[in-house]
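In terms of this note's numbering, the sequence shown has 236 at position 155, counting the first letter as 1, and numbering is strictly consecutive.
Ideal Cβ positions, reconstructed from N, Cα and C, are used throughout, including at glycine.
Written out below as structure tokens is the structure these notes cover.
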Amino acid sequence: MVEHPLLAALLRGERRALARAITLVESTQPADLAQADQLLTQALPHSGGALRLGISGVPGVGKSTFIEAFGLVAIEHGRRVAVLAIDPSSGVSGGSILGDKTRMERLAVHEAAFIRPTPSSGVLGGVAGRTREAMLLCEAAGYDLLLVETVGVGQSETTVAAMTDLLLLLQLPNAGDDLQAIKRGVMEIADLVAVNKADLDPAAARRAAFQLGAGLGHRGPAHEVSALTGEGIAALWSAIEVRAQAQRDSGERERLRREQNVAWMGEAVREGLSIRFDGDTRVSARLPDILGRVESGQLPPPAAARLLLAAFFEDKS
Ligand code: GDP
């Protein structure tokens, strides 16, 4: 296979090449798909080396502030940090997370950091967008800590958990939010929990951490941090490094990533089918009639779906 023109510069860690490579894999142009596959295939042997950390929490909990403080600590420990996001709201609100780079002022200008804002339009491939592709490219470019930010709404935590090694949940130091997280099942998929803004009310933060830690079992205790003052951030970084090391040593990380890749492939197949289906001329020819019958209550929706699928697969089998 011919070497992709971006590959060499990407592997040298050139920031512009990385940005262009990500733009390529995000492209929806049919002509770019083969190019994107080529580049990703060639980057793949150079990927996989990073610690992939998901960071979730409700808007306002301090994710951006945290990522800035945490990223700088990791850089002090010799890491190269890439910050990516999955954004369930993109296409609806224009996507807010990472949109405002000024929230990570120091990290954004650091030569050991790369921050990629989420694409602001369309949600290609569901909530995950092209974040997984971007992660591989960042790894090939030499970034060894990937921080994947998500707003804690809808399916986004599950999505980010499916593409990272560890998921860190940020919480506010008040019981109402803790209960909410527990109710929504987020606690079950979080590998680590940190109560942020501990500087505001240390006693409340301690109580919240204690309460949360009780529910975490072997994943605990919950950490107390302040993204603003930096307190607790270095200790959390150490705890995460220890956890990641154990995950690698036990073979757990390899198993997890294998499963994630298989699921990713399945998702890509379904996405491809869905795009083909939506653009199919036989389907669109029959759609108005079938849709009308569903809307007027003459045809049950599952029967309608089968008619459309039959139209789609005509001559294909
Ligand atoms: P995000 O929406 O989760 O990304 O939250 P931001 O990082 O934008 O933070 C929301 C607000 O909380 C901002 O005004 C921050 O300055 C503030 N904030 C974030 N972390 C802390 C913290 O540890 N202590 C205090 N006192 N304020 C914080």
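Secondary structure of residue i, DSSP reduced to three states
i: Val350; result: helix
i: Gly203; result: In this predicted model, Gly203 has a pLDDT of only 49, less than 50, meaning its place in the structure is not dependable; the value taken from the coordinates is given anyway. Correct three-state label for Gly203: coil.
i: Ser331; result: coil
i: His191; result: coil
i: Leu218; result: helix
i: Gly176; result: For Gly176, the predicted structure reports a pLDDT of 42, less than 50, and the residue's modelled location is therefore unreliable. The matter cannot be settled from this model.
i: Val83; result: coil
i: Gln341; result: helix
i: Leu293; result: helix
i: Gln326; result: helix
i: Thr317; result: It should be noted that the sequence gives Leu, not Thr, for residue 317. Here Leu317 sits in helix by DSSP.
i: Ser355; result: helix
i: Lys182; result: Note on Lys182: pLDDT 48, under 50, position unreliable in the model; no value is reported.
i: Gln379; result: coil
The alpha helix (DSSP H) enclosing residue i, as first and last residue numbers
i: Ser365; result: 362 to 376
i: Ser145; result: 144 to 157
i: Arg133; result: Element bounds for Arg133: not the alpha helix (DSSP H) but the beta strand (DSSP E), 132 to 138.
i: Thr104; result: 96 to 107
i: His269; result: Reading off the sequence shown, one finds Glu at residue 269, where the question assumed His. It spans 267 to 270 - the alpha helix (DSSP H) in which Glu269 sits, taken as one unbroken run.
i: Asp118; result: 111 to 124
i: Leu88; result: 88 to 92
i: Pro382; result: 382 to 394
Presumed contact (8 Å Cβ cut-off) between residue i and residue j, rounded CB distance
i: Ala150; j: Gly311; result: 5 Å
i: Arg197; j: Val164; result: 7 Å
i: Val276; j: Ala308; result: About 11 Å separates the two Cβ atoms, so there is no contact after all.
i: Glu269; j: Arg287; result: That pair is no contact at about 23 Å.
i: Arg334; j: Asp246; result: 6 Å
i: Trp318; j: His127; result: Their Cβ separation, rounded to whole angstroms, is 25 Å, which puts Trp318 and His127 out of contact at 8 Å.
Unbroken beta strand (DSSP E) run spanning residue i, endpoints
i: Thr245; result: Premise fails: Thr245 is in no beta strand (DSSP E) and is neither H nor E.
i: Thr310; result: Taken as a continuous stretch (DSSP letters only), Thr310 belongs to no beta strand (DSSP E), as it is neither H nor E.
Per DSSP, the bridge partner or partners of residue i
i: His304; result: Ala275
i: Thr231; result: Ser137, Ile167
i: Gln236; result: Answer is none; Gln236 lacks a bridge partner.
i: Leu226; result: Leu132, Val162
i: Gln252; result: Val276
Beta carbon proximity, residue i to chain B, threshold 7 Å
i: Gln236; result: Judged by its chain identifiers, the structure shown contains no chain B, having just a single protein chain.
(message) Closer than 6 Å between the C-beta and any heavy atom of the ligand GDP: which residues qualify, listed along the chain?
(response) Gly138, Pro140, Gly141, Val142, Gly143, Lys144, Ser145, Thr146, Arg184, Asn277, Lys278, Asp280, Leu281, Ser307, Ala308, Leu309
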